[in-house]
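Trainee: With numbering that gives the first Met the number 0 applied, the sequence shown covers 0 to 78. Glycine included, C-beta positions come from ideal geometry on N, C-alpha and C. All values reported here derive from a predicted model rather than from experimental measurement.
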Amino acid sequence: MIDAIIEPGRTKPHPKCRMEKVPLAMQNNEKNMGYFDPRVVSIGPYHNGKEELQEVEKIKPIVAQLFISSSGMNMNEFC
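1) Helix, strand or coil: how does DSSP classify M72 here?
2) Tell me the rounded alpha-carbon separation between I79 and L65.
3) From which residue to which residue does the alpha helix (DSSP H) around Q26 run?
4) For Q53, tell me which candidate among V40, P44, I61 and V62 has the shortest Cα-Cα distance.
5) Under the three-state reduction of DSSP, which class applies to E54: helix, strand or coil?
6) Round the Cβ separation of H46 and P60 to the nearest angstrom and send it over; I've been treating them as touching at under 8 Å.
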């Protein structure tokens, strides 16, 4: 709810979501620079293609399958 105030137009997260995007107010604060950048693995499109994260790309399909399996849902429900 607070995020909707900070970022007008943002809707409530889906009840089954496990990760949310960092609110713009936090991303744009100089004190937070670098804290939200991935150091090991990139999940989603925001940091895709960064050279320092490429080594982990090989295991992402395995981790994605484990994530889906642990959710109790099947792959079709995520697509």
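Mentor: Per the coordinate set shown:
1) Three-state result, M72: coil.
2) Here the chain comprises residues numbered 0 to 78, so residue 79 is not present and cannot be evaluated.
3) For Q26, the enclosing alpha helix (DSSP H) covers residues L23 to Q26.
4) Checking every option, the nearest Cα to that of Q53 belongs to V40.
5) DSSP places E54 in helix when its eight states are reduced to three.
6) The pair is not a contact, with the Cβ atoms about 17 Å apart (cut-off 8 Å).
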